[in-house]
Structure formats: structure tokens, C-alpha cells
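Novice:
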Amino acid sequence: MSEREERRFVEIPRESVRLMAESTGLELSDEVAALLAEDVCYRLREATQNSSQFMKHTKRRKLTVEDFNRALRWSSVEAVCGYGSQEALPMRPAREGELYFPEDREVNLVELALATNIPKGCAETAVRVHVSYLDGKGNLAPQGSGKG
51 MSEREERRFV
61 EIPRESVRLM
71 AESTGLELSD
81 EVAALLAEDV
91 CYRLREATQN
101 SSQFMKHTKR
111 RKLTVEDFNR
121 ALRWSSVEAV
131 CGYGSQEALP
141 MRPAREGELY
151 FPEDREVNLV
161 ELALATNIPK
171 GCAETAVRVH
181 VSYLDGKGNL
191 APQGSGKG
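In this note's numbering, the protein residues as written are 51 to 198.
In C-alpha cells, the structure reads:
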């Protein structure tokens with residue numbers, strides 16, 4: 051068997067990594083693109099394996115977006131994969147090619163920054179401290195009593 055036939059996982063081509071980098075304005079060499087593609091493939095496999103563990107622990111046979119997001123959060127990665135909603139996202143086509151992306155809502159940052167309306171219902175910030183002793187005697191005074 052050839053090396054290609056032995057592999058049982060998907061690989062992201064270095065050309066795709068280079069294209070993604072160029073879309074953000076970065077130029078990558080072939081070596082860097084190959085290393086990034088390999089790292090991305092590894093991390094995707096790891097997240098997929100972890101998410102399948104969450105699926106198995108809940109005794110389900112269908113992998114959900116929430117399983118994948120839990121696996122990402124468990125790995126200290128921001129969970130951005132998919133949406134838990136059953137509603138379809140409005141998609142917008144790109145000018146060139148057959149590429150579609152979710153339509154973003156435009157936000158006027160100047161108006162948002164200079165807005166004088168403060169959201170109501172915000173709770174006050176509070177800090178609470180509780181002290182426990184290691185010798186077995188706990189702090190028996192009520193918290194916030196001001197005694198001491």
C-alpha cells in the first residue's frame with residue numbers, strides 16, 4: 051500500500067492554508083504553510099475525538115454542535131463552531147466564485163461608543179471573602195458582619 055492509502059484521516063492542503071492567509075493579507079512560504087496545515091489537522095482531529103467522548107458520555111449516537119463546543123472549551127479554545135439554533139442563517143454570496151458566508155450585521159462603532167444610554171438591570175459589583183483555617187477551626191463569624 052502507498053502512504054496515501056494507509057492514512058485514514060482528512061488532511062488540509064497547504065494551498066488552502068496559504069489561501070486563507072492571503073485572504074487576511076499574510077504571505078506564507080511553502081514550508082510554513084505545510085507546517086500550519088499539519089498543525090491544523092492535528093488540532094481538528096483532537097477536538098473531534100474529544101467531542102466524540104462528550105457524545106459517548108451522554109449516550110448519544112449523534113454528534114452535536116454543543117459536543118464540539120464543549121471539546122473546544124475543554125481545550126481552552128474559544129468555542130466558535132456552529133450554532134445551537136435550528137434556524138437557518140442568512141447566507142450571502144461572495145463576488146467571485148461559489149463562496150457563501152453568513153451575513154454580518156453592520157455596527158456603527160462611533161454611535162455605540164458615544165451612546166449615553168446605559169443598560170438597566172446591571173447588578174452592583176460585590177466582592178465576598180471567606181477565610182478558612184487549616185487547623186480545623188473554621189471562621190464562625192457571619193460574613194459581612196463588620197466585626198473583627
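We put the beta carbon where it would ideally sit given N, CA and C, even for glycine.
Using the Cβ count rule (16 or more neighbours within 10 Å means buried), how would you classify residue 79?
Specialist: Along the sequence shown, one-based indexing puts residue 79 at 29. Classification of residue 79: exposed, given that the 10 Å Cβ count is below 16.
Novice: Measuring CB to CB, does residue 153 end up less than 7 Å from residue 143?
Specialist: Taking the first residue of the sequence shown as position 1, residue 153 is located at position 103. Taking the first residue of the sequence shown as position 1, residue 143 is located at position 93. No, Cβ-Cβ distance for residue 153 and residue 143 is not below 7 Å.
Novice: Flag this pair as touching only if the segment 99-114 and the segment 72-86 have three or more C-beta atom pairs under 8 Å; answer yes or no.
Specialist: The segment 99-114 is not in contact with the segment 72-86.
Novice: So, residue 67 versus residue 87, is the Cβ gap smaller than 7 Å?
Specialist: Here residue 67 is taken as the residue at index 17 of the sequence shown, counted from 1. Here residue 87 is taken as the residue at index 37 of the sequence shown, counted from 1. Contact: yes.
Novice: Roughly how many whole angstroms lie between the Cα atoms of residue 148 and residue 117?
Specialist: As a position in the sequence shown, residue 148 is number 98, starting the count at 1. As a position in the sequence shown, residue 117 is number 67, starting the count at 1. Approximately 30 Å, taken between the alpha carbons.
Novice: Straight-line CA distance for residue 32 to residue 161?
Specialist: An answer regarding residue 32 cannot be provided, because it is not within the stretch 51 to 198 covered by the chain.
Novice: Smallest Cα separation from residue 95: which of 151, 64, 58, 157?
Specialist: Along the sequence shown, one-based indexing puts residue 95 at 45. Nearest option by C-alpha distance: 58.
Novice: Starting from the N-terminal side, write out each stretch of the beta strand (DSSP E) that is 3 residues or longer and does not extend beyond the segment 88-144.
Specialist: Whole beta strand (DSSP E) segments, 3+ residues: 141-143.
Novice: Could you name the residues of the same chain whose beta carbon sits closer than 6 Å to that of residue 120, not counting the 5 residues immediately before and after it, in chain order?
Specialist: For this step, residue 120 is matched to residue 70 along the sequence shown. Counting only Cβ-Cβ distances below 6 Å, and skipping sequence neighbours, we find 104.
Novice: Identify the continuous beta strand (DSSP E) that holds residue 59 and give its terminal residues.
Specialist: Sequence index remark: in the sequence shown, residue 59 carries index 9 (1-based). Here residue 59 belongs to no beta strand (DSSP E), and DSSP marks it neither H nor E.
Novice: Under 7 Å Cβ to Cβ from residue 124, same chain only, skipping five residues before and after it: list those, please.
Specialist: What you label residue 124 is simply residue 74 of the sequence shown in a count that begins at 1. The residues are 100.
Novice: Quick check on the burial criterion: 16 or more other C-beta atoms within 10 angstroms. Buried or exposed for residue 64?
Specialist: On the sequence shown, residue 64 is found 14 positions in, with the first residue counted as 1. Counting Cβ neighbours within 10 Å, residue 64 comes out buried, since at least 16 surround it.
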